[in-house]
Amino acid sequence: MEEAIRRLHDEFGCRVINVSLADRSHMAGAKRTAWAAVLDDLARELDLVVVVSAGNSDYSLVHSLGDRVLAEYPRFLFDPTNRLLEPATAINALTVGSVTEGNGLDQDDHELVDVQPIAHAGQPSPFTRVGTGQGIKPDLVDYGGTAVFVGLTQTVVDGSQRPSAGVLTLNNAYLERLLTTRSGTSFASPRVAYKAALLRDAFSGATANLVRALLAISAEIPDGALECLAEFTDEEVRNLLGYGVPNVEMALASDDNRVILTAEDSLPLDRFAVYEVPIPELFQVTKGRRQIKVALAFDPPVRHTRLHYAGASMSFRLIRGASEDEVFHAFRKWEKREGPAAKLLDKFNCTLSPGPQRREGGTLQCGIFTAQRTLAAYGNRYFLAVRCEGGWAGNLPEGQRFALAVEVSHQAEVPLYERMRLRIRA
1 MEEAIRRLHD
11 EFGCRVINVS
21 LADRSHMAGA
31 KRTAWAAVLD
41 DLARELDLVV
51 VVSAGNSDYS
61 LVHSLGDRVL
71 AEYPRFLFDP
81 TNRLLEPATA
91 INALTVGSVT
101 EGNGLDQDDH
111 ELVDVQPIAH
121 AGQPSPFTRV
131 GTGQGIKPDL
141 VDYGGTAVFV
151 GLTQTVVDGS
161 QRPSAGVLTL
171 NNAYLERLLT
181 TRSGTSFASP
191 RVAYKAALLR
201 DAFSGATANL
211 VRALLAISAE
221 IPDGALECLA
231 EFTDEEVRNL
241 LGYGVPNVEM
251 ALASDDNRVI
261 LTAEDSLPLD
271 RFAVYEVPIP
281 ELFQVTKGRR
291 QIKVALAFDP
301 PVRHTRLHYA
311 GASMSFRLIR
321 GASEDEVFHA
331 FRKWEKREGP
341 AAKLLDKFNC
351 TLSPGPQRRE
361 GGTLQCGIFT
371 AQRTLAAYGN
381 RYFLAVRCEG
391 GWAGNLPEGQ
401 RFALAVEVSH
411 QAEVPLYERM
421 RLRIRA
């Protein structure tokens, strides 16, 4: 695998690599495998966007349910035997699960009572796998087909046997037929890889970290998935769907009422940086829902033989209503002789979802601050504080690389883009 990826990079200039492979003998657990570590090392060393499929369920699980599979969906997806397959736990790679684009029925199936859809459009595919809760994995999902239940045979059938349940793809027996249909996370991850390639092509100088951050900030969990998972916790939903389906058009450009700001930087270990986010008055006072979405991506060194896999960690906080000095003093290291460290009041911290404990276990972190009421009391300058904490990595000569993407959006049709452009140029 390492030799193949290096050759694709060195000889053909490949900057996005898709790995639709999984090791069924190694399910995600407390420790990552050497395979995951190789992908993480290559992503960091070669600045690659590595996209990995989450792996598909063992259909013996759903077959054992018989006709109860319809009633047990989506609960059976959270079975302990349905965790991610290695190398999907690679932290510097994008891990991709699958959601459905339709219910898997064709026109004739609607007249057959024994053929029943398990999932409907936008819902988790009946074969996608779930993360362990150590950070948010999978990172993203995309469309990978579905499966249906055939009552006559008491079996679950996917796109390999019923074209309407699958996605169109190339046929390996191309001399017989050029195209075929299949279902699986292996067909969802190439879609994300394609979106990553579009971003790298559009922004030629963008690092892999920036591409990952842009994909995360553009992602949304489909409404169909939220409806069918309404009884589950946010943690369980994230373990299954990550940040959602990325929308590359949203990542490529801002709109009048939606602005994306980006930054690429590096930090020495045990240091922090503060970035100003300009907030126009019309964002603060105009009625309607408004959001600030923040994505952070970084690529730490890893060692699968260590207790702590990643050699460094990073985190961020979005601060409102505080001065530049107050933010600096709240995040800097205080000496004992200076007395108690300065702390910001809770009201100055923007509450983002998911929260810090949930998102900080990974190297791709995304949080959303949502407000309905006026924000005029907090002023027109928000601050994004980013911290880098050293682990076993010791000293990184060039610091820890990272990328940030911030999306400021308003439900109302307000000229955010123009106002923020003028503020930044001033």
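The opening position of the sequence shown corresponds to residue 1 in UniProt numbering, with each subsequent residue numbered one higher.
Idealized CB from N, CA, C, for every residue including glycine.
Here the structure is a predicted model, which is why all the values come from computation and not from measurement.
Near L226, what residues of its chain come up, given a Cβ to Cβ distance below 8 Å and the 5 sequence neighbours on each side ignored? V237
For the beta strand (DSSP E) that H304 lies in, which residues bound it at each end? Unbroken run through H304: none, as it is neither H nor E.
Which residues in the same chain as S254 place their Cβ atom closer than 6 Å to its Cβ, once the five residues preceding and following it in sequence are excluded? I260 and Y417
So, is K336 buried or exposed, given that buried needs 16 or more other C-beta atoms within 10 angstroms? Exposed is the call here.
According to the Cβ coordinates, are T89 and A36 closer than 8 Å? yes
Determine, using beta-carbon pairs with one atom in the region 357-373 and one in the region 127-140, whether at least three such pairs fall under 8 Å. yes
Within this structure, are the beta carbons of A93 and V52 separated by less than 8 Å? yes
Extent of the continuous alpha helix (DSSP H) to which P356 belongs: P356 to R359 is the extent of the alpha helix (DSSP H) around P356.
Through-space distance from F127 to T146, alpha-carbon basis: 8 Å
For T374, which residues of its own chain have a beta-carbon under 7 Å away from its beta-carbon, when the five flanking residues on both sides are left out? Q284 and V285
Give me the Cβ distance between N103 and P117, rounded to the nearest whole Å; I'm assuming they're in contact under 8 Å. Contact check for N103 and P117: beta-carbon distance about 4 Å, within the 8 Å limit, so the pair qualifies.
Taking all protein chains shown into account, do 16 or more other C-beta atoms lie within 10 angstroms of the C-beta of residue 428, making it buried, or fewer, making it exposed? Look at the range of the chain in this structure, 1 to 426, and you will see that residue 428 is not part of it.
Segment contact flag, the region 8-18 with the region 270-284, C-beta cutoff 8 Å, min 3 pairs: no
Looking at the structure shown, is residue 428 part of a helix, part of a strand, or coil, going by DSSP? Summary: the structure shown does not reach residue 428, with the chain confined to residues 1 through 426, and so no result is reported for it.
Considering only residues of the same chain and omitting the five flanking positions on each side of S57, which have a CB-CB separation below 6 Å? Excluding residues within five positions, the ones whose Cβ falls inside 6 Å are N82 and F127.
First and last residue of the beta strand (DSSP E) that includes C388? Boundaries of the beta strand (DSSP E) harbouring C388: R381 to G390, taken from the DSSP string.
Does the distance from the C-beta atom of E407 to that of I217 stay below 8 Å? Result yes, Cβ atoms of E407 and I217 sit closer than 8 Å.
Beta-carbon spacing of G242, A310 below 8 Å: no
Would you report the Cα separation of T207 and D47, rounded to the nearest angstrom? 7 Å
Can you check DSSP and say which residues form a bridge with L112? Per DSSP, none; premise fails for L112.
Give the single residue among V113, T33, G144 and A412 whose Cα lies nearest to the Cα of L282. A412
Are the beta-carbon atoms of N18 and S160 separated by less than 8 Å? no
Looking at L318: is its Cβ nearer than 8 Å to the Cβ of L352? yes
So, using beta-carbon positions, are V115 and L105 closer together than 8 Å? yes
Of the residues A196, V156 and E176, which one's Cα is nearest the Cα of S183? Nearest C-alpha to S183: V156.
Which partner residues of R332 appear in the DSSP bridge assignment? Answer is none; R332 lacks a bridge partner.
Uninterrupted beta strand (DSSP E) stretches inside the region 42-92 (no shorter than 3 residues): For the region 42-92, the full-length beta strand (DSSP E) segments reaching 3 residues or more read 49-53 along the chain.
In or out: I292 buried (at least 16 other Cβ within 10 Å) or exposed? buried
Give me the residue from R290, A165, F76 and P246 with the minimum Cα distance to S60. F76
Which one of R303, A196 and R306 has the shortest CA to CA distance from L252? A196
Leaving out five residues before and five after G224 in sequence, what residues of the same chain have Cβ atoms less than 7 Å from its Cβ? H120, A121, G122 and Q123
Tell me the rounded alpha-carbon separation between R129 and L84. Taking the Cα positions, R129 is about 5 Å away from L84.
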